[in-house]
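Working notes for the structure below.
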Amino acid sequence: MMHSRRSLLRNIAAGLMLGSMGTLGGCAPARPMTVASHVWPGYAFMFLARDEGWLDTSRVQLVETRSATASLEALARHEVVAAALTLDEVLRARDQGLPLTIVLVFDVSVGADVVLARPAISSLTDLRGVRIGVEEGALGGVILAHLLRHAGLEADEVVRVPLRVDQHLEAWQRGTIDALITYEPVTSALLAQDAHILFDSRRIPDTIFDVLAVNQGWLEAHRKAIAHLIAVHFRGLHALQRNPGDTAFRLARHLGLPGQAVMGLYRGLSLPGIDANRSYLDPRDSRLLDAARRVSDVLLQAGQLRGPASLAELATPRFLPSGVRP
Numbered sequence: 000m001m002h003s004r005r006s007l008l009r010n011i012a013a014g015l016m017l018g019s020m021g022t023l024g025g026c027a028p029a030r031p032m033t034v035a036s037h038v039w040p041g042y043a044f045m046f047l048a049r050d051e052g053w054l055d056t057s058r059v060q061l062v063e064t065r066s067a068t069a070s071l072e073a074l075a076r077h078e079v080v081a082a083a084l085t086l087d088e089v090l091r092a093r094d095q096g097l098p099l100t101i102v103l104v105f106d107v108s109v110g111a112d113v114v115l116a117r118p119a120i121s122s123l124t125d126l127r128g129v130r131i132g133v134e135e136g137a138l139g140g141v142i143l144a145h146l147l148r149h150a151g152l153e154a155d156e157v158v159r160v161p162l163r164v165d166q167h168l169e170a171w172q173r174g175t176i177d178a179l180i181t182y183e184p185v186t187s188a189l190l191a192q193d194a195h196i197l198f199d200s201r202r203i204p205d206t207i208f209d210v211l212a213v214n215q216g217w218l219e220a221h222r223k224a225i226a227h228l229i230a231v232h233f234r235g236l237h238a239l240q241r242n243p244g245d246t247a248f249r250l251a252r253h254l255g256l257p258g259q260a261v262m263g264l265y266r267g268l269s270l271p272g273i274d275a276n277r278s279y280l281d282p283r284d285s286r287l288l289d290a291a292r293r294v295s296d297v298l299l300q301a302g303q304l305r306g307p308a309s310l311a312e313l314a315t316p317r318f319l320p321s322g323v324r325p
């Protein structure tokens with residue numbers, strides 16, 4: 000049986016705050032910094048760096064997981080001190096007492112997160128009374144709230160069908176849902192059948208962020224490892240920009256796709272460079288903080304936060320490379 004996300008976050012908070020106590024004095028860690036990440040195009044440049052030998056594995060160890068939930072479980076078991084998560088997941092974790100700080104924005108969704116619908120549903124107003132598949136307690140809830148607002152509908156005017164992402168394809172094929180909040184590779188698979196895109200993240204700009212979050216108790220102890228990991232992420236990003244064909248085929252192994260399919264995954268993502276990251280992460284004038292306030296309001300209205308999110312020490316740009324290149 001799967002743990003509830005709220006209980007899981009409580010366990011993470013308790014475990015990692017205890018686990019970090021020995022590092023607060025700034026002593027060098029005895030082991031590499033461990034970072035959990037599931038397969039997602041925005042995270043793939045870390046793994047490209049590892050596979051190409053750019054990543055110093057004596058300083059950073061990447062831990063591959065099945066999902067963001069599995070990454071959170073790895074945090075709870077003290078197997079990692081950092082993870083690739085979405086902004087809303089970071090806010091939920093902080094709400095439960097886990098002191099996470101964002102040190103990198105991997106990507107911003109500009110169409111990668113979608114609401115698919117069957118042919119009979121041609122407009123947002125057609126959603127009244129339909130069954131919408133959504134991953135409970137995850138990013139899907141945020142998108143659903145925005146979808147309903149754009150459609151002018153209340154939450155009780157649709158039928159919410161809780162589905163994990165690994166259940167999306169089967170649920171659609173079995174006809175148990177009429178619309179679905181999802182992302183690649185499910186999107187392409189269903190577009191090849193009878194689905195069409197009814198709504199996507201282009202209509203909610205600067206809302207869906209994928210980020211690297213580190214427990215604050217480990218920031219100082221792992222400062223060199225964090226800076227190194229961020230630098231090689233940008234090296235991978237620059238490789239894609241300079242030589243997309245070759246780099247796509249190198250990314251394909253980690254993403255589990257044919258090389259020719261890789262570039263299509265990035266069409267709905269904005270991949271911020273160093274300067275854009277500095278703007279996002281600057282606590283004095285941060286688009287990320289503005290997004291966090293908006294997401295906090297959505298989560299609070301949905302009952303997924305205990306109170307308005309505290310944004311103190313939510314993000315820092317201090318680990319970014321100083322120049323425009325890593």
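Mind the numbering: the sequence shown is residues 0 to 325 in numbering that gives the first Met the number 0, read in order.
Positions of the beta carbon are idealized from the N, C-alpha and C atoms, including for glycine.
Remember, predicted model here, so these are calculated numbers, not experimental data.
Around the beta carbon of residue 303, 16 or more other beta carbons lie within 10 angstroms, which makes this residue buried. No Cβ-Cβ contact shorter than 8 angstroms links residue 128 with residue 160. Contact annotation: residue 273 and residue 204 have beta-carbon atoms that are not nearer than 8 angstroms.
Exclusion of the five residues before and after residue 43 leaves 250, 253, 254 as the residues of its chain whose Cβ lies within less than 7 angstroms of its Cβ.
Around the beta-carbon of residue 306, fewer than 16 other beta-carbon atoms lie within 10 Å, marking it exposed. For residue 276, the enclosing alpha helix (DSSP H) stretches over residues 273-280. Taking the CA atoms as reference points, residue 142 sits about 15 angstroms from residue 267. The shortest C-alpha to C-alpha distance from residue 135 to any of 314, 312, 308, 298 is the one to 298. In this structure, the beta-carbon distance from residue 287 to residue 34 does not fall below 8 angstroms. Taking a contact as a CB-CB distance under 8 angstroms, the pair residue 212 and residue 82 counts as one, their CB atoms being some 6 angstroms apart.
Here residue 318 has 102, 225, 226, 229 as same chain residues with Cβ atoms under 6 angstroms from its own Cβ, once five neighbours each way along the sequence are excluded.
Only residues of its own chain outside the window of five on either side were considered, and among them 304, 305, 308 have a CB closer than 7 angstroms to the CB of residue 94, listed in chain order.
C-alpha of residue 206 to C-alpha of residue 311: approximately 19 angstroms in a straight line. Contact check for residue 264 and residue 178: beta-carbon distance about 22 angstroms, past the 8 angstroms limit, so the pair fails to qualify. In this structure residue 36 is in contact with residue 70, their Cβ atoms being roughly 7 angstroms apart against a cut-off of 8 angstroms. In the three-state reduction of the DSSP assignment, residue 303 falls in the coil class, being assigned neither a helical nor a strand state. By the CB criterion at 8 angstroms, residue 98 and residue 235 fall outside the cutoff. About 7 angstroms separates the beta carbons of residue 131 and residue 180, which is inside the 8 angstroms limit, making them a contact pair. Looking at the backbone, the Cα of residue 239 and that of residue 147 are separated by about 36 angstroms. When the five nearest sequence neighbours on each side are left out, the beta carbons in the same chain lying within less than 7 angstroms of the beta carbon of residue 262 are those of 243, 247, in order along the chain.
Excluding five sequence positions before and after residue 150, the CB atoms of its chain that fall closer than 7 angstroms to its own CB belong to 123, 124, 126, given in chain order.
In the structure shown, residue 139 adopts helical secondary structure according to DSSP, grouped into three states.
When secondary structure is reduced to three states using DSSP, residue 162 falls in the coil class, being assigned neither helix nor strand. Within the stretch 169-244, the runs of beta strand (DSSP E) that reach at least 3 residues and sit entirely inside it are, in chain order, 178-181, 195-199, 208-214. Distance from the CA atom of residue 198 to the CA atom of residue 140, rounded to whole angstroms, is 14 angstroms.
The C-beta separation of residue 112 from residue 138 comes to about 7 angstroms, placing the pair in contact by the 8 angstroms criterion.
A straight-line Cα-Cα distance of about 15 angstroms links residue 92 and residue 76.
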